[in-house]
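Numbering (my numbering), first residue to last: 1380 to 1745. The beta-carbon is built from N, C-alpha and C at its ideal position, and this holds for glycine as well.
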Amino acid sequence: MNTCDVAIVGAGIAGLAHALAASRQGLKVTVFERDSAALGASIRNFGLGLALGQRPGDMRTLALRSREIWLDVLAQAGCWHKAQGSLIIARDAAEWAVLQEFQAVRGAEYHTQLVGVDDIAAQGLPATALGGLFSPSEIALEARVAIPAIARWLQNMHGITFVFGTQVNAITLPHIHTSSGVWQAGRAIVCAGHDFQTLYPEAFAGQGLKRCSLQMLRTRSPGFTLGPALMTGLSTLRYEAFDDLASLAALRAQVREHDPFLLDEGIHLIVQQVGHAGELLIGDSHRYGESVGPFNTEAVDARLLQLAEAALGRRLEVAERWQGIYASGPGDYLVRDVAPGVMAVAITAGVGMSISFALAERNLAR
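Take a look at the structure:
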């Protein structure tokens, strides 16, 4: 039989991160992926390593450590990336109040700073915002390119074996039962994304796990360079770092009164410029359920595009549209010992790109 020290199920970012962490401990690693390449949430996102949005404490620590590992891995794997932070612009007084309160309460801890209209205009943006909040901590990468490139780098430089197009049907250590035969492993780590049913469904039952579907767009280059990832005050309604701010209630009430569609569809705006071609990734929306349908809503896409065009002050040409799906739960991540020698890991808040490397490092240290 083929043998390894650690078998990992899933070649998305969580699986790759655990493969790297195991390899750095000198372990022989095999990664199994059911598809011919990773096609899930890990390639359907903004490619944004977000530290600003994570709540203080554990999540912020994981995000900052993951940032360090990302920068090292991306450089070694030869992947395009940038570390130019993020900018949240305030389009009205309610959004501006939230950003000002955040800076007063957490600015020193998060190394953020308030910026004025001139600073925003210097990014090539219209001078219509009241101000903004700049964070230097965010990094950008092109996920659909970086994820397979990192897998190749792990294979070539770390000796990790990847078995694509192979479904893991059961794990009874030391046996890994797959659609391509039986392997042997000393232990296993399951990083199966939003698939809670195939392996160890009993471990996920009762955890309040659902699936979240989101809509995103990719536009052609707008003809200028956008350095930081761009958000609006709507993003403060979604990220935990802002949850306890007193001014947030007024902003939420304002949006509920004047534009309830945004809250009903879980819409906020992120615009990220990626790759050498300078194309823009725009999103996103959020719908939750035990299962999620495959059909996008044109009204959501149209609203995302309208928000982006207003923030950028220019018309955009859509090149691609897609749906992303990720696991969602009451916590940010789930780590369970589901059987002797078998660990299951699920990122349950859409933060896989932001915390996976550090979480894997912690899990392997156990």
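Look at arginine 1745 here: in three-state DSSP terms it is coil, with no helix or strand label. Under the three-state reduction of DSSP, leucine 1533 is assigned to helix. By a beta-carbon distance limit of 8 Å, glycine 1612 contacts valine 1477. Their separation comes to about 6 Å.
DSSP, read as helix, strand or coil, puts tyrosine 1489 in helix. The three-state reading of DSSP puts serine 1402 in helix, counting H, G and I together.
Cβ-Cβ separation between valine 1452 and isoleucine 1529: approximately 6 Å, consistent with a contact (criterion under 8 Å). With a 10 Å radius around the Cβ and a threshold of 16 neighbouring Cβ atoms, glutamate 1517 comes out buried. In the displayed model, proline 1580 falls within a helix according to three-state DSSP. Residue pairing by DSSP puts glycine 1560 in a beta bridge opposite Thr1557. Between the stretch 1705 to 1725 and the stretch 1581 to 1589 there are three or more inter-stretch CB-CB distances shorter than 8 Å, so the stretches are counted as touching. Looking at the DSSP output, tryptophan 1449 bridges to nothing. In the DSSP annotation of this structure, alanine 1706 is not part of any alpha helix (DSSP H); the continuous beta strand (DSSP E) holding it starts and ends at 1697 to 1718. Relative to the Cα of phenylalanine 1674, the nearest Cα in the group Ser1592, Val1524, Asp1643 and Gly1662 belongs to Ser1592. Unbroken beta strand (DSSP E) stretches of 3 residues or longer found wholly inside the stretch 1575 to 1645: 1589 to 1598 and 1608 to 1611, given in chain order.
Cα atoms of alanine 1442 and alanine 1737: separation of roughly 7 Å, rounded to the nearest angstrom.
The beta-carbon separation of leucine 1695 and leucine 1684, rounded to 6 Å, stays under the 8 Å limit for a contact.
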